[in-house]
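>
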Amino acid sequence: MRLYRKLSDFKRLVNLKDYIKNQYFETVFIDDHLLGDAIEFYNEYFRYTHHIISREEAIQYAELGPRLNADLWKSMMPMDENKMNIFYSITPFYFFHDILRFMDGMHIERAFEFLESSKETVLDFAGGTGGYSLFLAARGKKVTFFDTNLIQSSWMHWINKKRNLGINVISDSKELEGKKFDLVLANDIVEHVIDSGSLMKFLLSLVADGGSIYASELDCDGPDDLAPMHFKVKLDGDGILYSIEENMKTLTRPR
């Protein structure tokens with residue numbers, strides 16, 4: 002059960018020493034301005050005129066997103082990397098879930114850490130609905146956003162133009178080749194790819210001298226009912242532990 006609070010409560014709550022940290026992490030601090038923009042974009046994108054999506058419905062969509070996304074994965078049954086990429090490009094069910102996910106206490110805390118630790122240029126790789134990109138660009142960072150999902154890329158073009166943030170929005174990874182960034186963000190990505198080592202090698206090639214990279218920091222035990230697209234990944238001080246062979250078996254197992 003998630004808690005929902007106004008964004009204006011954030012500063013007061015995080016300064017309370019006796020505030021339970023786990024509860025804070027699971028609390029979504031609603032930014033009504035951004036949520037309102039997301040709803041406006043969503044209605045325009047799907048050309049809804051007879052039934053405009055409301056704030057309450059958007060929050061319901063956010064809660065249902067993981068379930069719908071999992072069902073779409075199971076119905077498509079992607080069994081190779083190309084079909085996986087198709088799934089990730091077309092699914093519309095991440096949208097409101099990601100919009101609110103970037104408003105929870107954990108992601109807000111991370112965003113401030115990235116702001117304080119990064120120099121100037123930031124790459125938000127597979128950035129979803131761009132919560133980090135929007136936060137950092139609004140505070141003067143030069144941000145490049147990359148994601149292949151159609152609705153999320155369209156959203157980033159839309160909100161970037163509306164807010165005049167100057168974010169470089171791209172959907173083709175070839176445009177990143179040869180470029181360098183002070184901070185590379187790859188939040189919760191490695192558990193979604195068959196060969197996470199090759200992904201990390203590519204991402205590391207984009208880090209400028211003296212720069213840094215932030216990738217997923219939690220181990221993943223593999224697929225479950227709400228995340229059938231996950232692969233097993235273990236992270237330790239020496240890097241990423243994974244098996245392409247086991248990941249392929251996971252991908253092609255009977256479902």
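Numbering of the sequence shown is given in this note's numbering, commencing with residue 2 and proceeding in unit increments. Backbone N, C-alpha and C fix where the C-beta goes; we use that ideal spot for every residue, glycine too.
Is Gly211 close to chain C, meaning its C-beta is less than 9 Å from at least one C-beta of that chain?
The structure shown contains no chain C; it holds only a single protein chain.
> Taking the Cβ atom as the reference point for each residue, do Ile168 and Val191 lie within a distance shorter than 9 Å?
As a working note, residue 168 is residue 167 in the sequence shown. As a working note, residue 191 is residue 190 in the sequence shown. No, they are not a contact pair.
> When you compare the stretch 96-105 with the stretch 28-38, are there three or more beta-carbon pairs, one atom per stretch, that lie closer than 8 Å?
The stretch 96-105 is in contact with the stretch 28-38.
> Around the C-beta of Met230, are 16 or more other C-beta atoms found within 10 angstroms, so that it is buried, or is it exposed?
Within the sequence shown, numbered from 1, the residue matching residue 230 stands at position 229. By the 10 Å Cβ count, Met230 comes out buried.
> The beta strand (DSSP E) with Tyr215 in it runs from where to where?
Indexing the sequence shown from 1 puts residue 215 at position 214. Tyr215 -> beta strand (DSSP E) spans Val208 to Ala216.
> What number of angstroms, rounded off, separates the C-alpha of His98 from the C-alpha of Phe203?
By 1-based counting over the sequence shown, the position of residue 98 is 97. By 1-based counting over the sequence shown, the position of residue 203 is 202. Rounded to the nearest angstrom, the two C-alpha atoms are 28 Å apart.
> Can you tell me whether Tyr49 is buried or exposed, with buried defined as 16 or more other CB within 10 angstroms of its CB?
For the purposes of this step, residue 49 is taken as the residue at position 48 of the sequence shown. Exposed.
> Assuming contact is defined by CB atoms lying nearer than 9 Å, are Gly128 and Asn165 in contact in what I supplied?
Taking the first residue of the sequence shown as position 1, residue 128 is located at position 127. Taking the first residue of the sequence shown as position 1, residue 165 is located at position 164. Contact flag unset, no.
> Would you kindly report the start and end of the unbroken alpha helix (DSSP H) that includes Asn169?
Start at 1 with the first residue of the sequence shown, and residue 169 comes out as number 168. Premise fails: Asn169 lies in the beta strand (DSSP E), Asn169 to Ile171, not in any alpha helix (DSSP H).
> Under a Cβ-count criterion, where at least 16 other Cβ atoms within 10 Å of its own Cβ denotes burial, should Ile87 be classed as buried or exposed?
In the sequence shown, counting from the first residue as 1, residue 87 sits at position 86. Classification of Ile87: exposed, given that the 10 Å Cβ count is below 16.
> Starting from the C-beta of Met77, find all residues in its chain whose C-beta is less than 8 Å away, skip the five residues before and the five after it, and write them out in chain order.
As a working note, residue 77 is residue 76 in the sequence shown. Closer than 8 Å at Cβ, skipping near neighbours: Lys84, Ile87 and Phe88.
> From Trp74, Val123, Tyr62 and Lys250, pick the residue whose C-alpha is nearest to that of Leu177; which is it?
Reading the sequence shown from its first residue, position 176 is the one you call residue 177. Of the candidates Trp74, Val123, Tyr62 and Lys250, the one whose C-alpha sits nearest the C-alpha of Leu177 is Val123.
> Less than 9 Å between the beta carbons of Lys163 and Asp38, yes or no?
Your numbering for residue 163 matches position 162 in the sequence shown. Your numbering for residue 38 matches position 37 in the sequence shown. Yes, these two residues count as a Cβ contact at 9 Å.
> Determine the closest residue to Lys181 out of Asp81, Phe113, Ile100 and Leu205, with distance taken between C-alpha atoms.
Start at 1 with the first residue of the sequence shown, and residue 181 comes out as number 180. The option with the nearest alpha carbon to Lys181 is Leu205.
> In whole angstroms, what is the alpha-carbon distance linking Leu207 and Thr253?
The residue you call residue 207 lines up with position 206 of the sequence shown. The residue you call residue 253 lines up with position 252 of the sequence shown. Taking the straight line from one Cα to the other gives about 32 Å.
> Quick check: the Cα distance between Lys22 and Gly179, rounded to an integer number of angstroms?
Taking the sequence shown and counting its residues from 1, the one referred to as residue 22 is at position 21. Taking the sequence shown and counting its residues from 1, the one referred to as residue 179 is at position 178. Per-residue confidence for Lys22 stands at a pLDDT of 45, beneath the threshold of 50, marking its modelled position as unreliable; the derived number appears in the next sentence. Answer to the nearest angstrom: the Cα atoms are 41 Å apart.
> To the nearest angstrom, how far is the alpha carbon of Ser197 from that of Val185?
In the sequence shown, the residue the question calls residue 197 occupies position 196. In the sequence shown, the residue the question calls residue 185 occupies position 184. Cα-Cα distance, rounded: 16 Å.
> DSSP on Asn248, reduced to helix/strand/coil?
As a position in the sequence shown, residue 248 is number 247, starting the count at 1. In this structure, Asn248 counts as helix in the three-state DSSP scheme.
> Who are the near neighbours of Val234 in its chain, counting only those whose CB is closer than 8 Å to its CB and skipping five residues on each side?
Taking the first residue of the sequence shown as 1, we reach residue 234 at position 233. Cβ neighbours of Val234 beyond the five flanking positions: Val191, Glu192, Ser197, Ser217, Asp220, Cys221, Ile241, Leu242 and Tyr243.
> If you draw a straight line from the C-alpha of Gln153 to the C-alpha of Asp226, how long is it?
Start at 1 with the first residue of the sequence shown, and residue 153 comes out as number 152. Start at 1 with the first residue of the sequence shown, and residue 226 comes out as number 225. Computed Cα separation, rounded: 24 Å.
> Quick one: using the 10 Å Cβ neighbour count with 16 as the cut-off for buried, is Leu137 buried or exposed?
Here the question's residue 137 lines up with position 136 in the sequence shown. Buried, because 16 or more other Cβ atoms sit within 10 Å of the Cβ of Leu137.
> Let's test the definition: count the other Cβ atoms within 10 Å of the Cβ of Gly141 and tell me whether it reaches 16, buried, or not, exposed.
Sequence index remark: in the sequence shown, residue 141 carries index 140 (1-based). Exposed, since its Cβ has fewer than 16 Cβ neighbours within 10 Å.
> Enumerated in chain order, which unbroken segments of the beta strand (DSSP E) with a length of 3 residues or greater are wholly contained in the stretch 174-212?
For the stretch 174-212, whole beta strand (DSSP E) runs of length 3 or above, ordered along the chain, are 182-187.
> Could you please give me the residues that DSSP links to Asp105 through a beta bridge?
Taking the first residue of the sequence shown as 1, we reach residue 105 at position 104. DSSP lists Val29 as partners of Asp105.
> Using DSSP with H/G/I as helix, E/B as strand and the rest coil, what is Ala262?
Because the chain is modelled from 2 through 256, residue 262 falls outside the range shown and cannot be assessed.
> To which residues of the same chain is Gly131 closer than 7 Å at the C-beta, ignoring the five residues directly before and after it?
On the sequence shown, residue 131 is found 130 positions in, with the first residue counted as 1. If we look at Gly131 and ignore the five residues flanking it on each side, its Cβ neighbours are Asp125, Phe146 and Met157.
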